[in-house]
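Notes to accompany the following structure.
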Amino acid sequence: MEAVPVGILVSGGVDLSLVTGMAVRASSQVQTFSIFDLQRKQGFSIPMNVWLKGGPFGTLFDDVLRDPQCSFDAQTVNKLMRDQDKGHFNGERLFGLVMFELWRREYGISF
133 MEAVPVGILV SGGVDLSLVT GMAVRASSQV QTFSIFDLQR KQGFSIPMNV WLKGGPFGTL
193 FDDVLRDPQC SFDAQTVNKL MRDQDKGHFN GERLFGLVMF ELWRREYGIS F
């Protein structure tokens, strides 16, 4: 086995050109992540509309949004909730209203 010439060694006695060459060869032999669509990021959604059909979330939303202290227009909220019950997908809107109302109450903000 021959030694690497001193002129091409870097500190620590490692020839970076050899390491780079080995890395390039190894990477060309490894299958890339072509099965993933890395250009398109996509999160996941929660089944909010399913959760609102009864259960604890439906009850929470009713309690918060139909409370007389709620800062939102009661007719509008009732329409959103009725439409949700009829199959319209208002879950994200209702979720936003509930979170805002709970935040408002927590920090004592009034209008």
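Per my numbering, the very first residue in the sequence shown carries number 133; after that it's consecutive. Ideal placement from N, C-alpha and C gives every residue a C-beta, glycine not left out.
For residue i, the nearest candidate out of the options (CA to CA)
| i | options | result |
| --- | --- | --- |
| Asn222 | Phe193, Tyr239, Cys202 and Glu238 | Phe193 |
| Val182 | Leu226, Arg237 and Glu238 | Leu226 |
| Pro179 | Glu233, Arg214 and Gly187 | Gly187 |
| Thr191 | Arg236, Trp235 and Asp217 | Asp217 |
| Phe189 | Glu238, Glu224 and Tyr239 | Glu224 |
| Ile241 | Asn210, Gly219, Met213 and Ser203 | Ser203 |
Classification of residue i by the beta-carbon crowding that lies within 10 angstroms, buried from 16 upward
| i | result |
| --- | --- |
| Met231 | exposed |
| Leu184 | buried |
| Met229 | Inspection of the sequence shows that residue 229 is occupied by Leu rather than by Met. Buried, by the Cβ-count rule. |
| Glu233 | buried |
For residue i, the three-state DSSP class (helix, strand or coil)
| i | result |
| --- | --- |
| Phe232 | helix |
| Phe189 | helix |
| Arg214 | helix |
| Glu134 | coil |
| Phe227 | helix |
| Leu101 | The structure shown does not extend to residue 101, since the chain is modelled only from 133 through 243, so no value can be given for it. |
| Arg172 | coil |
| Asn181 | helix |
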